[in-house]
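Just below is one structure, and these are the notes that go with it.
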Amino acid sequence: MLLTLLALLIPAAAPEPGISKAVDRRRAALGHTVTIRCLVRAPVIQWEWRPKFPTCARVGDRVSRMMEPQGFTPPLHFGNRLRLSVGGKNLELQETQIRDSGKYTCVAVDGQKWITDLRVREGCFNNINLAIIKNRPSEATLYCKVCNLMRSESSFTWTVNGIPLQQVLGSQHTRTGAILSVSLKSEHLLGAWQCMSTANRTWYAEHCLELESPDYKPEEDMEYGEEKEPEAGPKPASVNLFQLILTTLGALTLFALVILCLCFFCKRAQDRYETTQEGNTEDGLDETQLPSDANQQDLPPLRTPSEKEGGGVHYVELECLPPARQAPKSPGLGRPSTVYATVV
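And the structure:
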C-alpha cells in the first residue's frame, strides 16, 4: 500500500501539459547579448512578449505576439536586435536595453509553455550610467553620470520619450543637472528617459520610469541570478509544499517499516537461539543423572557362588553393584558386608 502511495505521488509532481509557469528567471547586463531558450519537447508554434514597461517600450498592446504560424515578426522596439533561431526554440537578443525587460513565453504544439522572466539591470552604456537612486510610490530620482572616473561631467541633456525635457515641462529654463526628481503622478513624465552628455553627444543612456504593467506580475520574493546559459534539456517542475510533505512522510513511513521488520527478525532469531540453548542444557542434565549403556557394559560381572567352595554355604559379594541396584538398607541393621544363604 505504501509503494502504491509513492507511485501516485511521483506523477503528481510532474508538470501537467498546458500549464504555464515562470521557471526561468534571468538577469542580463545592459548592452550585452542574451539567449532566451524554450525548453519544451514539442515543436514551438508561438512566441509572445509581455513587457514590464510597455510605455517605455512603445508597445500598444500589453501582450505582443512575435511568432505565429504565419511567421516571425518582432515588435519595432527591437529592430534588428532580436532574432529567431532555426527550429524556433531560441531567441537571441543583442545589445539589451532596460525596456527589453519582461516575460518571454513560447507555446508548443501540445499546449506546453515555457516562460523566461528577463530583467535588464542598470549599468554603463555608451560611457554613461543612468540609475534610479530613489524610487517612491509618487516620486523617483534619476542620477546620470559618466562611467569614466578620470573625467567629471555635470552637464547633460534630458529627454522623455524622445522629446526634450524643456518642451515637456513647457518651461524656458533648460535643466542640465545630473540629478532630477520626477513625479510619477504625471503621465507625460512616464516612459523612456534619456540623458546625454553635453560635451559628447555619443555618450548617452536610457532608463524606464513608469509604473509596471498591471498584466506583468512578477513574484515579490523572486531571486534573480547572473545571466548564464541554462542547462540543456527540460528542467524539472517545482513541487508544491503539500506534495513535498506527502513524499517525505511516505519515505519516513517506508524507513520505519524496514526498521520494524529488521527488529522482528532479530527478535525471532534470538528466541530461537535461546530455545536451542535450553534444550541442550536439559539433555546434558539427563546424561549426568542416568548411566549410559556403555557404562553398564563396562561394569565387572557379578561374582556367583561356586559349588567347589566347600561347606554347602555360599555367599555373593554385592559391593560391585551400582548404587541404584543395591538393596535398600534396613534402618535397624548396621552396614552389611556379607549376606548368608542356604542352598538346598
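FYI, the numbering for the sequence shown is -15 to -1, 1 to 329, going by mature numbering (1 follows the signal peptide of the UniProt record, and there is no 0).
Just so you know, even glycine gets a beta-carbon here, dropped at the ideal spot from N, CA and C.
Check residue i in the structure and name its three-state DSSP category.
i: P39; result: helix
i: T266; result: helix
i: G72; result: coil
i: E53; result: strand
i: T161; result: coil
i: T187; result: coil
i: R47; result: coil
i: L(-13); result: With a pLDDT of only 48 at L(-13), under the threshold of 50, the placement of this residue in the model should not be trusted, and no figure is reported.
i: Q31; result: strand
i: F227; result: helix
i: L234; result: helix
i: E172; result: helix
i: V92; result: strand
Taking residue i as part of the beta strand (DSSP E), name the residues at either end of that continuous run.
i: L127; result: E124 to V131
i: V105; result: K98 to V105
i: K119; result: I113 to N120
i: A13; result: A7 to A13
i: T20; result: V19 to R22
Between which two residues does the alpha helix (DSSP H) containing residue i stretch?
i: V153; result: L150 to L154
What's the gap between the Cα of residue i and the Cα of residue j?
i: L67; j: L61; result: 10 angstroms
i: E195; j: F141; result: 21 angstroms
i: T233; j: D95; result: 32 angstroms
i: A163; j: S139; result: 6 angstroms
i: I148; j: D9; result: 36 angstroms
i: G155; j: I21; result: 42 angstroms
i: I118; j: Q55; result: 44 angstroms
i: M52; j: A13; result: 23 angstroms
i: E172; j: C193; result: 13 angstroms
i: T260; j: T266; result: 10 angstroms
i: S223; j: G72; result: Bear in mind that the predicted position of S223 carries a pLDDT of just 47, short of 50, making it unreliable; the figure below should be weighed with that in mind. Between S223 and G72, the C-alpha separation is close to 27 angstroms.
i: G264; j: I244; result: 31 angstroms
By DSSP's criteria, residue i is part of a beta bridge. Which residues make up the other side?
i: E138; result: DSSP output for E138 lists no bridge partner at all.
i: S86; result: Beta-bridge pairing links S86 to no other residue.
i: H192; result: W178
i: V167; result: A125
Quiz item: At a cut of 8 angstroms, does the region 126 to 134 reach the region 34 to 44 through at least three beta carbon pairs?
Solution: no
Quiz item: Counting Cβ pairs, one atom from each stretch, are 3 or more of them under 8 angstroms apart for the region 76 to 87 and the region 100 to 110?
Solution: yes
Quiz item: Within the chosen definition, does the region 17 to 33 reach the region 181 to 194 through at least 3 CB pairs nearer than 8 angstroms?
Solution: no
Self-check item: Sufficient close CB pairs (3 or more, under 8 angstroms) joining the region 166 to 178 to the region 113 to 131
Solution: yes
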